[in-house]
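Counting in this note's numbering, the sequence shown runs from 677 upward without gaps.
What follows is one structure encoded as structure tokens, with my remarks underneath.
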Amino acid sequence: MIDTQLWQQAAEDIFWYQAPSRVLDDSNPPFYRWYPDGVTNACFNALDLQIEQGRGEQVAIIYDSPVTASKQQITYAELLDRVARFAGALAARGVSSGDRVLVYMPMVPEAVIAMLACARIGAIHSVVFGGFASNELAVRIDDASPKVIVAASCGIEPSRLVPYKPLLDEAIELADHKPEACIIMQRPELAALLLPGRDVDWYEAEAEAEPAECVPVAANHPLYILYTSGTTGQPKGVVRDTGGSIVALKWSMPNIYNVAPGDVYWAASDVGWVVGHSYIVYAPLFNGNTTVIYEGKPVGTPDAGAFWRVVEEHQVKVMFTAPTAFRAIKKEDPQGDLLASYDISSLQSLFLAGERCDPNTLNWAMDKLGVPVIDHWWQTETGWPICSNCLGIELLPILPGSLARPVPGYNVQVLDSAGQQITDGSIGSLVVESPLPPGTFITLWNADDRFEQAYFSKFPGYYETGDAGFIDADGHVYVMSRTDDVINVAGHRLSTGALEEVLSAHPDVAECAVIGVADAIKGQLPLGLVVLNAGVVRDDTEIVAEIVASVRQQIGPVAAFRQCAVVERLPKTRSGKILRGTMHSMADGEPWKLPATIDDPLILDEISVTLQALGYPPGTDGLS
């Protein structure tokens, strides 16, 4: 059972216009509602309250951009002024409580300002990762139906500029829903052409606006919609509420991450992902911390010492990033030689999430940094950690491969396919007993039925995480893999079905399969296998190049889809199911058994030859 007393006490630590008289409404499972009659505002808790408590002159945001060679510090008072003005600019364009605003921005302070401005007036923001392909953006525009879109003219990568405005213009052209206005932040590196009557300049709109006051909203009022990665068909917009999010995120900062007001906290992620929402923007500001917005990479801006420079220069106490970042650093600087050039004594802990951290990477980080390295587990849907070593409560033994124990509020269990609890340490489906704690998702946007069906129908009374793992005799949780066909590329979950949809759309392709193959840096990469239509006489290399280009255009660069091969046949069961799991095991060099229901075992010999030619499993001769 959920500990409502814990969450009643935690709720007393935030600002309410009207304090809730009830902690939990459990009358309509799985649509549980926390603090159902409370009234609050996320922006007030993030900014106005902090200033009332004396933190007006404290730095709220450190902006560090090696790709533009610029840095900026913004105090809480300065941030409040800009947020209130931009909220006024939104209000001047008709945005009011409940309206949606889509944010399509790079890692700049204005992205945070836009999000907080929406929260200030009760608008619901939907942040889409900057540079997302136009058709993917169009799907999200149609689903969220934003009144206003906020975007930048471009994003900046270490080696190139990414023009956002043409991508946005094409997305609006593709979408059925049309925004009433677009507010464009012009970057000096690449100005965008503004469309008269629809597009307005960010800085002009901000300068002309009257500052807006906070709008009180119900605790269950949606704070934001965040679309999960890899959806090319029906969108999957996770909805987070306001009151529960404030309570849970603020509680997590001292209890999980062991940071106090005034400490510098750095989540090296992007505002387009859930980590950015929770731990770049909201949680640090709710807790009175200084948060770092880093527009750069772990390597290449300028080298593998980039993270250490940021830690030293800004006196970072706690850092949070993905294992992928540390794999990249380890690849470039295996001995950690660049660390010797920096004083990182301010760093007290490193947290990793977004994908399973392999023991080698975790041990390397522990050895080089000399601080606790905490691999913890959570999801877009939960919004904050399910399992973690809670440094503000108790430091448990760090066991590489383990995520320690469930965080207070989460009752994690392992179930078999029949829904029976597994207690012997065997692998099964990882689930969380309902109700989920505050701050987790309350539904999917415009899709209550899908919310219930996708997450709560298979195991009644439990939230199905979609991950598989086990719990050892001491209660330590291990996440081993996904239970469905989802590829995890550098922490970004990509559906094989979404990728296959693009491959199969090629006119020369008869059928296809996409599998995830192990990669030392990104964790996994997608590998495509296609069977061509009979009679196709074109060069295979031309077809593969077109397929790769299509994936980049329709899914985006985040898919990191570069390898694809033409095969004669795909291995299938007698019922026609493609044996993706078997091919995955072959590619990664893992033990596998000949499936009893395979239609033609000889096909696996052909697939093995193709995989070896591509360099799979790792260590074989080939292209990889």
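C-beta atoms are modelled at their ideal positions from N, C-alpha and C, and glycine is treated no differently.
Would you identify the three-state DSSP class for residue i, choosing helix, strand or coil?
i, result
"residue 954", "helix"
"residue 965", "coil"
"residue 848", "helix"
"residue 746", "strand"
"residue 1233", "helix"
"residue 736", "strand"
"residue 1217", "helix"
"residue 908", "Because residue 908 carries a pLDDT of 38, less than 50, the predicted location of this residue cannot be relied on, and the following value inherits that uncertainty. Note: residue 908 maps to coil in three-state DSSP."
"residue 1186", "strand"
"residue 770", "coil"
"residue 1281", "helix"
"residue 1269", "coil"
"residue 941", "strand"
"residue 741", "strand"
Rounded to a whole number of angstroms, what is the C-alpha to C-alpha distance between residue i and residue j?
i, j, result
"residue 1298", "residue 1189", "In this prediction, residue 1298 has a pLDDT of 34, which is less than 50 and means its spatial position is unreliable; what the coordinates show is noted afterwards. Each residue's Cα considered, the two are about 20 Å apart."
"residue 969", "residue 946", "8 Å"
"residue 995", "residue 1029", "11 Å"
"residue 1191", "residue 729", "52 Å"
"residue 693", "residue 714", "8 Å"
"residue 1037", "residue 903", "29 Å"
"residue 1123", "residue 1129", "10 Å"
"residue 855", "residue 775", "11 Å"
"residue 944", "residue 998", "8 Å"
"residue 696", "residue 923", "12 Å"
"residue 840", "residue 1279", "44 Å"
"residue 1227", "residue 684", "48 Å"
"residue 1134", "residue 1140", "7 Å"
"residue 817", "residue 850", "10 Å"
"residue 1105", "residue 731", "45 Å"
"residue 827", "residue 735", "25 Å"
"residue 1270", "residue 1276", "10 Å"
"residue 737", "residue 898", "25 Å"
"residue 1022", "residue 992", "6 Å"
"residue 843", "residue 808", "8 Å"
"residue 1222", "residue 1165", "21 Å"
"residue 1302", "residue 1203", "Nothing about residue 1302 can be read from this structure; the chain reaches only from 677 to 1300."
"residue 1283", "residue 1238", "18 Å"
"residue 1056", "residue 784", "22 Å"
"residue 873", "residue 857", "8 Å"
"residue 931", "residue 1065", "10 Å"
Let's test the definition: count the other Cβ atoms within 10 Å of the Cβ of residue i and tell me whether it reaches 16, buried, or not, exposed.
i, result
"residue 1097", "exposed"
"residue 1007", "exposed"
"residue 677", "exposed"
"residue 1251", "The predicted position of residue 1251 is uncertain, since its pLDDT is 45 and thus under 50; no value can be drawn from it."
"residue 716", "buried"
"residue 704", "exposed"
"residue 1286", "buried"
"residue 630", "Only positions 677 to 1300 of the chain appear in the structure, and residue 630 is not among them; the question remains open."
"residue 767", "buried"
"residue 1000", "buried"
"residue 912", "buried"
"residue 1225", "exposed"
"residue 1044", "buried"
"residue 1011", "exposed"
"residue 1031", "buried"
Would you check if the distance between the CB atom of residue i and the CB atom of residue j is smaller than 7 Å?
i, j, result
"residue 881", "residue 847", "no"
"residue 706", "residue 1132", "yes"
"residue 1155", "residue 1053", "yes"
"residue 859", "residue 876", "yes"
"residue 925", "residue 959", "yes"
"residue 769", "residue 824", "yes"
"residue 1219", "residue 1003", "no"
"residue 1308", "residue 819", "This structure gives no information on residue 1308, because the portion of the chain shown stretches from 677 to 1300."
"residue 1019", "residue 988", "yes"
"residue 718", "residue 795", "yes"
"residue 1107", "residue 1086", "no"
"residue 1068", "residue 963", "no"
"residue 725", "residue 691", "yes"
"residue 866", "residue 829", "yes"
"residue 831", "residue 1115", "no"
Taking 7 Å as the CB-CB cut-off, is residue i touching chain C?
i, result
"residue 1070", "Note that chain C does not occur in the displayed structure, where there is just one protein chain."
> For the stretch 991-1061, which segments carrying the alpha helix (DSSP H) assignment without a break, of at least 4 residues, lie completely within its bounds, in sequence order?
Replying inline: The DSSP assignment places 999-1008 and 1035-1045 as complete runs of the alpha helix (DSSP H) inside the stretch 991-1061, in order along the chain (cut-off: 4 residues).
>> Please give the ranges of any alpha helix (DSSP H) in the stretch 1092-1154, keeping only runs that are unbroken, at least 4 residues long and fully inside the region.
In response: 1124-1132
>> Report the start-end ranges of each alpha helix (DSSP H) in the stretch 798-868 that is 4 residues or longer and not cut off at the edges.
In response: 810-820 and 840-850
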